[in-house]
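Asks: In full-length UniProt numbering, the protein residues as written are 1 to 272.
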């Protein structure tokens, strides 16, 4: 049967595939749209498989919240051109929406979730086949609290989420905390939540530096502890200087507004 432009446009709307791919699929399927869609998907899977060893260093980072749950994720691709494409951003947003609705506990659980008859992993593969670029869900994380906030830095390369102990936190206060996380990249919420291995490493660095400076051996631990305190002030969220007013810490700022941050996550592209 003859393939019309209307048929091609319809299939393109349904799949997002290119004009020639749609025309060829319709020709091969004799106008059967279900078969044409399957042909396009199989071609996409083959293309994606060939691209699996390529490096995906660009992408889109988005975040959102749904009451007491907030999520952040990074979908990666190969080029900035595709990363800025409306369809790629829409796919990232649709995956985020799925996460907000179903609250998966891991990236693997999110990839296995069904959406429109396909798993999230299959939807990513489909888009990879259409664009000809490798794509992967690089990171996914979430927080839970009585209330939550998210912040997406312009350009979709960095996003943060924060949970609070209170059911109602002033929007600007919550946003300020989320922006603090984005700007200052704290390693943990407070000194008690810094991983033990980081504390031990910082103490060892402090002792080594003091030793190199010729300090007495008996003083090394005390000096190292003092330097660790400076580390806490620089790299724990509540002890950091507030970026909008360096005369106060985040702990002092949120206390003024009856807010208590209890968890945060920060994702950037190519994050280690």
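Where a beta carbon is used, it is the ideal one built from N, C-alpha and C, also for glycine.
So is residue 2 buried or exposed if we call it buried at 16+ other beta carbons inside 10 Å?
Replies: For the purposes of this step, residue 2 is taken as residue 2 along the chain shown, with counting starting at 1. Classification of residue 2: exposed, given that the 10 Å Cβ count is below 16.
Asks: Give me the Cα-Cα distance between residue 28 and residue 110, rounded to the nearest whole angstrom.
Replies: Working through the chain shown from its first residue, we reach residue 28 at position 28. Working through the chain shown from its first residue, we reach residue 110 at position 110. For residue 28 and residue 110, the distance between alpha carbons rounds to 34 Å.
Asks: Using the three-state DSSP reduction, which class does residue 168 fall into: helix, strand or coil?
Replies: If you number the chain shown from 1, residue 168 lands on position 168. Of the three classes helix, strand and coil, the one that applies to residue 168 here is coil, per DSSP.
Asks: Nearest to residue 59 by alpha carbon, out of 205, 80, 39?
Replies: In the chain shown, the residue the question calls residue 59 occupies position 59. It is 80 whose Cα lies nearest to the Cα of residue 59.
Asks: With distances taken Cα to Cα, identify the nearest neighbour of residue 131 among 189, 21, 222.
Replies: Here residue 131 is taken as the residue at index 131 of the chain shown, counted from 1. Ranking 189, 21, 222 by CA distance to the CA of residue 131 puts 21 first.
Asks: Check whether the region 95 to 111 and the region 174 to 183 touch, using three or more Cβ-Cβ pairs below 8 Å as the test.
Replies: no
Asks: First and last residue of the alpha helix (DSSP H) that includes residue 127?
Replies: For this step, residue 127 is matched to residue 127 along the chain shown. That run of the alpha helix (DSSP H) goes 120 to 131.
Asks: Counting beta carbon pairs with one atom in the region 162 to 169 and one in the region 250 to 263, are three or more of them shorter than 8 Å?
Replies: Yes, the region 250 to 263 touches the region 162 to 169.
Asks: Out of curiosity, what's the CA-to-CA distance linking residue 143 and residue 62?
Replies: The residue labelled residue 143 in the question sits at position 143 within the chain shown. The residue labelled residue 62 in the question sits at position 62 within the chain shown. Between residue 143 and residue 62, the C-alpha separation is close to 14 Å.
Asks: Runs of 4 residues minimum, wholly inside the region 163 to 226: which ones carry the alpha helix (DSSP H) assignment?
Replies: 171 to 184, 196 to 212
Asks: In angstroms, rounded to a whole number, what distance separates the CA positions of residue 119 and residue 112?
Replies: Taking the first residue of the chain shown as position 1, residue 119 is located at position 119. Taking the first residue of the chain shown as position 1, residue 112 is located at position 112. Rounded to the nearest angstrom, the two C-alpha atoms are 5 Å apart.
Asks: Since residue 224 contacts residue 239 with CB under 8 Å, what's their CB separation in whole angstroms?
Replies: Stepping through the chain shown from its first residue, residue 224 is reached at position 224. Stepping through the chain shown from its first residue, residue 239 is reached at position 239. Wrong, their Cβ atoms sit about 18 Å apart, outside the cutoff.
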